[in-house]
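*Asks:* There's a structure below that I have some questions on.
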Amino acid sequence: MSEKMGDFIKGLLIGGVAGIILGILYAPKSGKETREEIGQKTEDLLAKAKEEYGRAL
158 MSEKMGDFIK GLLIGGVAGI ILGILYAPKS GKETREEIGQ KTEDLLAKAK EEYGRAL
């Protein structure tokens, strides 16, 4: 992987994490609702990742 591609991926990850953190901080929902939503979205993301991994093999 080239250095530019590695830098791009790092920037993408950092930007994604920053966006998630800001979204949580400024969310109009209660902490409990936000945690439940994060848990559900995490489960959905893991399920999709497993599905895509299975297709890639």
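The opening residue of the sequence shown carries number 158 in the numbering used here; numbering runs sequentially from there. Glycine included, every Cβ here is placed at the ideal spot set by N, Cα and C.
#1: Since I believe T191 is in contact with I178 (beta carbons under 8 Å), could you give me their beta-carbon distance rounded to a whole number of angstroms?
#2: So what's K189 in DSSP terms, helix, strand or just coil?
#3: Between the C-alpha atoms of V174 and K189, what's the straight-line distance to the nearest angstrom?
*Replies:* Here's the rundown:
#1: Between T191 and I178 the Cβ distance is about 12 Å, and since that is not below 8 Å, they are no contact.
#2: helix
#3: Straight-line Cα distance between these residues: approximately 20 Å.
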